[in-house]
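*Asks:*
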Amino acid sequence: MNEIKALCKVYLVNTLSNKFVFLFNLVLPTIYFLYKNIRYLSQPKVAFSHQTMMVVSYFWAYIIMVTLLNNVIVAIISQRENGFYKQLFFIVGSKWKILTANFLVQLVILNVELLIFNLVVIGVTHNFHISLLIAGMIATLSVAVPVTFISSLLFLLKVKIESINVLVTILLFVLFLTINLPKSHTMGDLLSLLNPITYIVDTSYQLLLFFFNHVIQGAATVRLGIVTIIYLVIGWFAISKLTVHSIADRV
Amino acid sequence: MQIKKYSLCYGDRILAQDFEAEFFNHVVNVLTGANGAGKTTLLDFIAGVGPKQAKGQKINVPKQQNIAYQLQHIHFFTTLSVGQTINMYRQIGNCTLEKSGSTFQTIKRQALDKIWSVKMGQLSGGERQMVLTYGQCLLEKELYIFDEPTSGVDVTNSKVILKMIASLVQEREKMVIMTSHNIEQLTDLPVKMINIG
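Laid out in structure tokens, this is it:
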């Protein structure tokens, strides 16, 4: 436990020293949200409809996915390539401690990011609803582990660090491009959830439905549960293959 | 601790064949050899992270979680200050060592206090190596591995680094393996030279 606490401090200092990343994770989506919804600022209180919940879910999905990919997965790949990961591995003696520490720090940052974004949403809609803040926090806590696990598949790629950022940008583009593929049957619904963006959107939407309308959609919740298990199993395999060896250089 | 029948081949290039070595905990075990002789790969093999091509028997080598391994030319987190880096090692390792060990106290007072708030990225290569070696020595492990700890380090800092490494053997009876090209720096230390390649 001491090791994880010590590493958390290291990762927190390191993350906060690179504030540019928050521009991509939080500032850009918030500006885009303001740009698309600025008209509501001059209007009276806006009710949280199904459409509002869906819009909010998409923004949460972007913030969660981009933060986890850049700050957890790409960060670990980068540390593996420059030797920090190997050095840390022999300080704490376990890759799980390194991954856990980095993940916990990013989980806190993610919650702060969503809190800021949700406060902007509340400001724009003039509708203060504590449920929005709670749903945001629970959505983050629910999807962060499975999404980090499935994203760990990137550990398996033999890609140089110079290429990984390009690859992640392409990956995000493809994931967002495929979120609205037609779903003609239950199996289609299930398969579409294999896209982590859709998974986050659906989980967020279900949570918002529950908090605002007290509705639980049983079939959708079961589908999300099945996909969560699939993500965890695949992710466990990917993480088990993570070694200290860099792809490009000998460290 | 022993290594037996250690072999390493990359295609037609044979770096080691049936190499054998015994390591002791009352001396600093120093691996020597030319560049490319496979010293770092042997350290990786001992630490359990060697390439698939490296084969051999390891006898009485501690478990991976009981090995501290200081890599060559690692800059570590450049945004952390020296104090933050040492505090991380203190929290993970045995912080009472600093209070009881005279070597730690002397080195901290003479070398580390003046750079305590400097960021790791702002340090020279030698200073970084000194800070990280100090941190490694704070860990409580069974085996300590140092890969070229004095490479590119000036004479004064090299003495400090080697003093810390020697204290692991002399004051705490730990097993230490290091690689070095600077044999002349080791004359005052209790060392066992092991030539590879």
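Which chain is which? The protein sequence lines are U and V, in order. In terms of the numbering used here, the first sequence is residues 1 to 251. In terms of the numbering used here, the second sequence is residues 252 to 448. Even glycine gets a Cβ: it sits at the ideal position worked out from N, Cα and C. Quantities reported herein were computed from a predicted structural model and do not represent experimental measurements.
What are the residues of the stretch 324-342 of chain V that lie near chain U, defined by any Cβ-Cβ distance shorter than 7 Å?
*Replies:* ILE325, PHE327, PHE328, THR330, LEU331, GLN335, MET339, GLN342
*Asks:* Distance, Cα to Cα, PHE327 (chain V) vs GLY301 (chain V)?
*Replies:* 21 Å
*Asks:* Skipping 5 residues on each side, what residues in its chain have a beta carbon closer than 6 Å to that of LEU282 (chain V)?
*Replies:* LYS290, THR430, ILE445, ILE447
*Asks:* For the alpha helix (DSSP H) that contains ASP295 (chain V), what are its first and last residues?
*Replies:* 290-298
*Asks:* List the residues that DSSP assigns as beta-bridge partners of TYR320 (chain V).
*Replies:* Per the DSSP secondary-structure output, TYR320 (chain V) pairs in a beta bridge with V:ILE396.
*Asks:* With C-beta atoms as the reference, is LYS241 (chain U) less than 7 Å away from LEU156 (chain U)?
*Replies:* yes
*Asks:* Buried or exposed, going by whether 16 or more other CB atoms sit within 10 Å of the CB of GLU378 (chain V)?
*Replies:* buried
*Asks:* Taking all protein chains shown into account, do 16 or more other C-beta atoms lie within 10 angstroms of the C-beta of ARG264 (chain V), making it buried, or fewer, making it exposed?
*Replies:* exposed
*Asks:* By the criterion of Cβ-Cβ separation under 9 Å, what are the contact partners of ILE91 (chain U) in chain V?
*Replies:* ALA319, TYR320, MET339, TYR340, ILE343, GLY344, GLY386, GLN387, LEU390
*Asks:* Does the stretch 60-76 of chain U come close enough to the stretch 135-144 of chain U to have 3 or more Cβ pairs within less than 8 Å?
*Replies:* yes
*Asks:* Taking the straight line between their C-alpha atoms, what separation do you get for LEU224 (chain U) and LYS45 (chain U)?
*Replies:* 33 Å
*Asks:* Just the chain U side, please: which residues come within less than 8 Å of GLN316 (chain V) by C-beta, in chain order?
*Replies:* GLY93, SER94
*Asks:* Using a Cβ-Cβ cut-off of 7 Å (strictly less than) and excluding sequence neighbours within five positions of THR100 (chain U), which residues of its own chain qualify?
*Replies:* ILE4
*Asks:* Using beta-carbon positions only, say whether MET1 (chain U) and LEU208 (chain U) come within less than 7 Å of one another.
*Replies:* no
*Asks:* Give the range of the beta strand (DSSP E) segment to which TYR257 (chain V) is assigned.
*Replies:* 253-261
*Asks:* Is there a Cβ from chain U that is less than 7 Å from the Cβ of VAL442 (chain V)?
*Replies:* no
*Asks:* Could you check where the beta strand (DSSP E) with ASP269 (chain V) kicks off and where it finishes?
*Replies:* 264-273
*Asks:* Bridge partners for MET444 (chain V) per DSSP, in chain order?
*Replies:* V:VAL281
*Asks:* From TYR205 (chain U) to ASN338 (chain V), what distance separates their C-alpha atoms?
*Replies:* The alpha-carbon atoms of TYR205 (chain U) and ASN338 (chain V) are separated by roughly 43 Å.
*Asks:* Excluding sequence positions up to five away, which residues of its chain have a Cβ less than 7 Å from the Cβ of VAL411 (chain V)?
*Replies:* ILE358, ALA362, MET381
*Asks:* So, does the CB of VAL382 (chain V) fall closer than 7 Å to a CB anywhere in chain U?
*Replies:* Residue contact with chain U for VAL382 (chain V): absent (no Cβ-Cβ distance below 7 Å to any residue of chain U).
*Asks:* With a CB to CB cut of under 8 Å and the five nearest residues on each side skipped, what residues in its chain are close to LYS306 (chain V)?
*Replies:* LYS256, TYR257, SER258, LEU259
*Asks:* Hey, quick one: how far does the beta strand (DSSP E) through THR357 (chain V) stretch, first residue to last?
*Replies:* Counting along the chain, THR357 (chain V) falls outside any beta strand (DSSP E), though it belongs to the alpha helix (DSSP H) covering 353-358.
*Asks:* If you reduce the DSSP assignment to three classes, tell me which class GLY225 (chain U) lands in.
*Replies:* helix
*Asks:* Determine the extent of the beta strand (DSSP E) in which VAL427 (chain V) is found, giving its start and end residues.
*Replies:* 426-430
*Asks:* Which residues in chain U sit within 9 Å of VAL300 (chain V), going by Cβ to Cβ distance?
*Replies:* LYS86, PHE89, PHE90, THR243, VAL244, HIS245
*Asks:* Within a Cβ cutoff of 6 Å, which residues of the same chain sit near GLU349 (chain V), ignoring the five residues on either side of it in sequence?
*Replies:* PHE355
*Asks:* Taking the CB atoms as reference points, tell me whether SER163 (chain U) and LEU69 (chain U) lie closer together than 7 Å.
*Replies:* no
*Asks:* Would you say SER17 (chain U) faces chain V, with C-beta separation under 7 Å as the test?
*Replies:* yes
*Asks:* Would you say ASN14 (chain U) reaches chain V, if we count a Cβ-Cβ gap shorter than 7 Å as a contact?
*Replies:* yes
*Asks:* Can you name, in chain order, every residue of its own chain whose Cβ lies under 8 Å from the Cβ of LYS443 (chain V), other than the five neighbours on each side?
*Replies:* So the qualifying residues of the chain are PHE274, PHE275, VAL278, VAL279, ASN280, VAL281.
*Asks:* Starting from ALA305 (chain V), trace the alpha helix (DSSP H) both ways and give me its first and last residue.
*Replies:* Taken as a continuous stretch (DSSP letters only), ALA305 (chain V) belongs to no alpha helix (DSSP H), being part of the beta strand (DSSP E) at 305-310.
*Asks:* Quick one: using the 10 Å Cβ neighbour count with 16 as the cut-off for buried, is SER17 (chain U) buried or exposed?
*Replies:* exposed
*Asks:* Between the Cα of LYS160 (chain U) and those of U:ILE77, U:ASN180, U:GLN87, U:HIS129, spot the shortest distance and give me the residue it belongs to.
*Replies:* U:ILE77
*Asks:* Taking Cβ positions only, does GLU162 (chain U) come closer than 7 Å to chain V?
*Replies:* For GLU162 (chain U), no CB of chain V lies under 7 Å from its own CB, so it is not counted at the interface with that chain.
*Asks:* Rounding to the nearest angstrom, what Cα-Cα distance links LYS95 (chain U) and GLN316 (chain V) in this structure?
*Replies:* 10 Å
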